[in-house]
(Lines of atoms letter the chains of each structure in order from A and count residues from 1; the text may use other names and numbers.)
(Lines give C-alpha, C1' and ligand atoms only; values in the text may rest on other atoms or scores of the structure.)
Protein backbone atom coordinates (compact mmCIF):
# COMPACT_ATOMS: atom_id res chain seq x y z
CA UNK A 1 0.00 0.00 0.00
CA UNK A 2 1.35 3.42 -0.98
CA UNK A 3 1.79 6.15 1.59
CA UNK A 4 -0.60 9.08 1.32
CA UNK A 5 0.83 12.44 0.22
CA UNK A 6 1.31 15.10 2.88
CA UNK A 7 0.45 12.60 5.61
CA UNK A 8 -3.31 12.88 5.05
CA UNK A 9 -5.46 9.87 5.68
CA UNK A 10 -7.93 8.60 3.15
CA UNK A 11 -10.79 9.30 5.58
CA UNK A 12 -9.81 12.99 5.78
CA UNK A 13 -10.04 13.28 2.01
CA UNK A 14 -13.44 11.61 1.97
CA UNK A 15 -14.75 13.87 4.72
CA UNK A 16 -13.66 17.04 2.87
CA UNK A 17 -15.15 15.91 -0.43
CA UNK A 18 -18.41 14.87 1.24
CA UNK A 19 -18.60 18.31 2.87
CA UNK A 20 -17.98 19.95 -0.51
CA UNK A 21 -20.84 17.95 -2.04
CA UNK A 22 -23.27 18.82 0.77
CA UNK A 23 -22.64 22.41 1.92
CA UNK A 24 -24.98 24.14 4.36
CA UNK A 25 -27.13 26.67 2.51
CA UNK A 26 -28.71 29.76 4.05
CA UNK A 27 -31.02 32.47 2.74
CA UNK A 28 -29.98 36.13 3.05
CA UNK A 29 -32.96 38.49 2.93
CA UNK A 30 -33.36 42.27 3.00
CA UNK A 31 -31.16 43.11 0.02
CA UNK A 32 -33.65 45.76 -1.13
CA UNK A 33 -33.74 47.33 2.36
CA UNK A 34 -29.99 47.88 2.51
CA UNK A 35 -29.63 48.75 -1.22
CA UNK A 36 -26.93 46.11 -1.43
CA UNK A 37 -27.94 44.21 -4.57
CA UNK A 38 -25.46 46.25 -6.63
CA UNK A 39 -22.55 45.08 -4.47
CA UNK A 40 -23.32 41.36 -4.59
CA UNK A 41 -21.97 39.01 -7.24
CA UNK A 42 -21.95 35.25 -7.53
CA UNK A 43 -18.99 33.82 -5.65
CA UNK A 44 -18.57 36.82 -3.35
CA UNK A 45 -17.77 35.99 0.29
CA UNK A 46 -20.00 37.46 3.01
CA UNK A 47 -19.09 37.72 6.68
CA UNK A 48 -21.85 36.55 9.05
CA UNK A 49 -21.93 38.11 12.53
CA UNK A 50 -24.26 37.35 15.42
CA UNK A 51 -26.35 40.20 16.85
CA UNK A 52 -27.33 39.09 20.36
CA UNK A 53 -28.56 42.60 21.29
CA UNK A 54 -31.02 42.78 18.38
CA UNK A 55 -34.37 43.88 19.89
CA UNK A 56 -36.44 42.04 17.26
CA UNK A 57 -34.72 38.65 17.14
CA UNK A 58 -32.46 37.00 19.71
CA UNK A 59 -30.98 34.73 17.00
CA UNK A 60 -30.30 37.50 14.45
CA UNK A 61 -27.29 37.00 12.17
CA UNK A 62 -26.31 39.88 9.90
CA UNK A 63 -24.50 39.45 6.59
CA UNK A 64 -21.94 42.08 5.70
CA UNK A 65 -19.28 42.91 3.16
CA UNK A 66 -15.96 44.46 4.20
CA UNK A 67 -15.86 48.22 3.47
CA UNK A 68 -19.56 48.15 2.45
CA UNK A 69 -21.37 47.19 5.66
CA UNK A 70 -24.57 45.26 6.26
CA UNK A 71 -26.13 43.75 3.14
CA UNK A 72 -28.90 41.71 4.77
CA UNK A 73 -29.83 39.18 7.44
CA UNK A 74 -30.01 35.39 7.56
CA UNK A 75 -33.70 34.54 7.26
CA UNK A 76 -35.72 33.12 10.13
CA UNK A 77 -37.93 30.09 9.49
CA UNK A 78 -41.12 32.16 9.41
CA UNK A 79 -39.47 34.57 6.92
CA UNK A 80 -38.69 31.65 4.62
CA UNK A 81 -42.40 30.83 4.48
CA UNK A 82 -43.87 34.33 4.36
CA UNK A 83 -41.50 36.21 2.06
CA UNK A 84 -41.31 33.56 -0.64
CA UNK A 85 -44.77 32.04 0.02
CA UNK A 86 -43.20 28.62 0.19
CA UNK A 87 -40.49 27.05 2.27
CA UNK A 88 -37.14 26.79 0.53
CA UNK A 89 -36.06 23.24 1.16
CA UNK A 90 -32.39 22.72 1.82
CA UNK A 91 -31.80 26.14 3.42
CA UNK A 92 -31.20 26.43 7.14
CA UNK A 93 -32.62 29.35 9.06
CA UNK A 94 -30.79 31.66 11.46
CA UNK A 95 -31.60 29.49 14.48
CA UNK A 96 -30.35 26.41 12.61
CA UNK A 97 -26.82 27.81 12.27
CA UNK A 98 -26.70 30.15 15.30
CA UNK A 99 -24.93 27.63 17.54
CA UNK A 100 -22.58 26.33 14.81
CA UNK A 101 -20.10 29.19 15.29
CA UNK A 102 -19.00 31.47 18.12
CA UNK A 103 -19.34 35.02 16.75
CA UNK A 104 -18.37 35.01 13.08
CA UNK A 105 -18.77 32.76 10.03
CA UNK A 106 -18.43 33.14 6.26
CA UNK A 107 -20.70 32.31 3.33
CA UNK A 108 -20.28 32.31 -0.46
CA UNK A 109 -23.08 33.71 -2.67
CA UNK A 110 -24.34 30.92 -4.94
CA UNK A 111 -27.78 32.10 -6.13
CA UNK A 112 -28.89 35.69 -6.42
CA UNK A 113 -32.24 37.45 -6.85
CA UNK A 114 -33.33 41.07 -6.55
CA UNK A 115 -34.50 40.60 -2.95
CA UNK A 116 -32.59 37.60 -1.61
CA UNK A 117 -29.46 35.49 -2.01
CA UNK A 118 -28.80 31.83 -1.27
CA UNK A 119 -25.33 31.29 0.17
CA UNK A 120 -23.24 28.29 1.23
CA UNK A 121 -21.27 28.36 4.46
CA UNK A 122 -17.54 28.20 3.75
CA UNK A 123 -14.15 28.41 5.41
CA UNK A 124 -12.78 31.89 6.19
CA UNK A 125 -10.37 33.34 3.68
CA UNK A 126 -7.03 34.71 4.83
CA UNK A 127 -7.91 38.31 3.89
CA UNK A 128 -11.03 38.24 6.09
CA UNK A 129 -9.27 37.12 9.26
CA UNK A 130 -8.98 39.73 11.99
CA UNK A 131 -6.13 39.81 14.50
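Residue numbers (the numbering used here): 95 to 225.
Each residue gets a CB set at the ideal place from its N, CA and C atoms; glycine is no exception.
### Query
With which residues is residue 123 paired in a DSSP beta bridge?
Residue mapping note: residue 123 aligns to position 29 of the chain shown, counting from 1. The partner list for residue 123 (beta bridge, DSSP) reads 167, 210.
### Query
With 16 as the cutoff for other CB atoms within 10 Å, does residue 162 come out buried or exposed?
Taking the chain shown and counting its residues from 1, the one referred to as residue 162 is at position 68. The residue in question, residue 162, is exposed, as its Cβ has fewer than 16 Cβ neighbours within 10 Å.
#### Entry: Proximity below 8 angstroms, CB of residue 202 to CB of residue 139
Within the chain shown, the letter at position 108 stands for residue 202. Within the chain shown, the letter at position 45 stands for residue 139. Yes; because the gap between Cβ atoms is below 8 angstroms, this pair is in contact.
### Task
Have a look at residue 129 and residue 166 and give me their C-alpha separation to the nearest angstrom.
As a position in the chain shown, residue 129 is number 35, starting the count at 1. As a position in the chain shown, residue 166 is number 72, starting the count at 1. Approximately 9 angstroms, taken between the alpha carbons.
### Query
Counting along the chain, where does the alpha helix (DSSP H) carrying residue 139 start and finish?
Residue mapping note: residue 139 aligns to position 45 of the chain shown, counting from 1. In the DSSP annotation of this structure, residue 139 is not part of any alpha helix (DSSP H); the continuous beta strand (DSSP E) holding it starts and ends at 139 to 144.
### Task
Return the CA-CA distance between residue 218 and residue 200, expressed in angstroms with no decimal places.
In the chain shown, counting from the first residue as 1, residue 218 sits at position 124. In the chain shown, counting from the first residue as 1, residue 200 sits at position 106. About 6 angstroms.
### Nearest-angstrom Cβ-Cβ length linking residue 119 and residue 159, presumed shorter than 8 angstroms
Numbered from 1 along the chain shown, position 25 holds the residue referred to as residue 119. Numbered from 1 along the chain shown, position 65 holds the residue referred to as residue 159. With a Cβ gap of about 19 angstroms, residue 119 and residue 159 do not count as contacting.
### Message
Taking 7 angstroms as the cut-off, is the beta-carbon of residue 208 closer than that to any non-hydrogen atom of the ligand MN?
### Response
Among the ligands in the structure shown, none appear at all, so the ligand MN cannot be discussed.
### Task
Mind checking which residues open and close the alpha helix (DSSP H) that includes residue 191?
Within the chain shown, residue 191 is the residue found at index 97, counting from 1. Segment 188 to 192, the alpha helix (DSSP H) holding residue 191.
### Query
residue 187 to residue 216, Cα distance in whole Å?
Walking along the chain shown from the start, residue 187 turns up at place 93. Walking along the chain shown from the start, residue 216 turns up at place 122. If I take the Cα positions, the gap works out to 16 angstroms.
### Query
Which residue from 126, 136, 143, 121 puts its Cα closest to that of residue 196?
By 1-based counting over the chain shown, the position of residue 196 is 102. Ranking 126, 136, 143, 121 by Cα distance to residue 196 puts 143 first.
### Task
List the residues that DSSP assigns as beta-bridge partners of residue 199.
Here the question's residue 199 lines up with position 105 in the chain shown. DSSP lists 142 as partners of residue 199.
#### Entry: Straight-line Cα distance separating residue 124 from residue 179
Here the question's residue 179 lines up with position 85 in the chain shown. Here the question's residue 124 lines up with position 30 in the chain shown. Below a pLDDT of 50, predicted positions are generally treated as unreliable, and residue 179, at 45, falls in that range; the measurement from the model is reported next regardless. When rounded, the distance between both Cα atoms is 16 angstroms.
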